[in-house]
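Numbering (our numbering), first residue to last: 11 to 417.
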C-alpha cells in the first residue's frame, strides 16, 4: 500500500496532523512536537475562536460591513477546524483508516480476477489525480488568504507610506491585555500556522473520506459485475412432462438447470456476493458513525460561510484573497454531495444486477439464498449527517439556493 504515490503524498502532508495515523502504520515513534500538536489542537483552536469573538465584541462598532463578514467567516472557520481537529484523536477514526488500509483497499482483492485488478488500477489513478489536486488547491488557498494582507501592508507602509494606516492581519483575535498589533511579526507568522491547520483540517479529512468513497464505489462496481456476469448452466435438461394431464401428447420441455455440482458452485458464489455486500454496508455504516457529525457541522458552516464568501468576493479588490478559499469551500460542498450521490446511485443499481442472476435455474435452496440477497439489495446505501439529512445532491441544491438567497 505504501508504495503507491498518492499514499506517499497523504503520509507526507497529513501524517504530522494525525489525519493519517502514522503512529499505527509505523513502528517509529512520531516526534514529540507532532504528538503534542495533534492532541492540543482542539483546545488551541477553541482559544482562537474565543479570541475572535472577543475582538468582534470590542470592535463591533468600528468594523465596516465587509470587515464584519470577514470576522464572522474566520471565526466560523476556526470553529470548523476545532471540531474537525478532534477526529484524528479518536480511536474509532484510527480503526477506520486502518481498516481502509488493511482490509477495504482494492489491492487486497486484485488477485481474485481481471475485473478486480482493472478496477484497482482505475481507483488508484483517480485517487492519485484527486490527491495531487486537493493538495495544490489547499496550499494555494492558504497562501492567497495570507498574501493579500501582507501585500496591503507592504504597499501602504513601505511604498505609498500611507498615514494613519492600520496594519492588516489574515486572522484577527484579541484577549484582555493582549493586542496583536503590538506583536505584529509574531502574529503574522502565527496566522500562517493557523491557516495551515485550517487548510489541513478542511481538505485533509475530506481527502481521506474521498479515498474511502472511491474504494467503496470500486467495490460496488465489482459486485455489480459479478452479479451481471453470473455463470449460466452448462447443460440443458429435458423434463418429461408428457404424463401430466395438462400436457398430454405434448413434447417434452427443455430447460436450463444447474446440476448438483453446479448448484454447489452457485451456492459458494452467492455466499461470496452476499459477504461482499455486507463488507460494503458495514464500512459505509462505520463511515457514517465517524464522519456523520462532521458532515452535519460542515453543512451548517456552508449555510453561513458560502454566502459570506460570495459577499467578500463581490468587493473587486478582494478576489485574489477570497477567490481560492471560495473555490475550496464551494468545491468541498459540491464534491462531497456528488461523490455520495454517485455511491448511492450505484448501490441503487445493485437490485437490478441481483435480478440478472439466473435464479430460475437454481435448486430451491439456492433460490431462497438468491431471494434473501435480492431483498437485502433493495435499499439504497447512503450516509446521513447525524442521521438526519442525507448527504447528496438534493441537500447540496438546498444549501446553494439558500446561499444565493442570503447573498
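No residue lacks a Cβ here, since even glycine has one placed at the ideal position from N, Cα and C.
On a predicted model such as this, the values are computed, not experimentally measured, just so you know.
Close-in-space but distant-in-sequence residues of the same chain around residue i (CB under 7 Å, 5 per side omitted)
i: residue 383; result: 280, 283, 284 and 364
i: residue 273; result: 372, 373 and 376
i: residue 237; result: 283, 363, 364, 366 and 367
i: residue 14; result: 134
i: residue 158; result: 330 and 331
Residue burial classification, residue i (beta-carbon count within 10 angstroms, cutoff 16)
i: residue 71; result: exposed
i: residue 356; result: buried
i: residue 122; result: exposed
i: residue 55; result: buried
i: residue 79; result: buried
i: residue 139; result: exposed
i: residue 145; result: buried
i: residue 229; result: buried
Proximal residues to residue i (C-beta, below 8 Å), its chain only, five neighbours per side dropped
i: residue 154; result: 330, 331, 333, 334 and 335
i: residue 151; result: 209, 334, 335, 337 and 338
Residue i to residue j span [Cα, whole Å]
i: residue 378; j: residue 226; result: 27 Å
i: residue 97; j: residue 48; result: 10 Å
i: residue 187; j: residue 61; result: 12 Å
i: residue 415; j: residue 317; result: 8 Å
i: residue 53; j: residue 400; result: 30 Å
i: residue 168; j: residue 339; result: 34 Å
i: residue 116; j: residue 293; result: 13 Å
i: residue 269; j: residue 380; result: 17 Å
i: residue 235; j: residue 125; result: 8 Å
i: residue 75; j: residue 69; result: 12 Å
i: residue 156; j: residue 57; result: 20 Å
i: residue 341; j: residue 206; result: 18 Å
Own chain, CB closer than 6 Å to residue i, minus 5 neighbours either side, in chain order
i: residue 110; result: 222
i: residue 181; result: 84, 201 and 204
i: residue 31; result: 104 and 107
i: residue 286; result: 233
8 Å contact criterion, which residue i and residue j should meet: CB distance rounded
i: residue 394; j: residue 298; result: 6 Å
i: residue 19; j: residue 208; result: That pair is no contact at about 20 Å.
i: residue 219; j: residue 301; result: 6 Å
i: residue 307; j: residue 93; result: 5 Å
i: residue 409; j: residue 305; result: The Cβ separation is near 12 Å, so there is no contact.
i: residue 12; j: residue 26; result: That pair is no contact at about 17 Å.
Neighbour flag for residue i against chain D, beta carbons, 8 Å
i: residue 217; result: No chain D is present in this structure, which holds just one protein chain.
Item checked: In chain order, each alpha helix (DSSP H) run of at least 4 residues that lies wholly inside the region 19-93 -> 32-35 and 42-69
Check: For the region 197-252, which segments carrying the beta strand (DSSP E) assignment without a break, of at least 3 residues, lie completely within its bounds, in sequence order?
Finding: 246-249
Notebook entry, point to check: For the region 351-392, which segments carrying the alpha helix (DSSP H) assignment without a break, of at least 4 residues, lie completely within its bounds, in sequence order?
Noted result: 360-365 and 374-386
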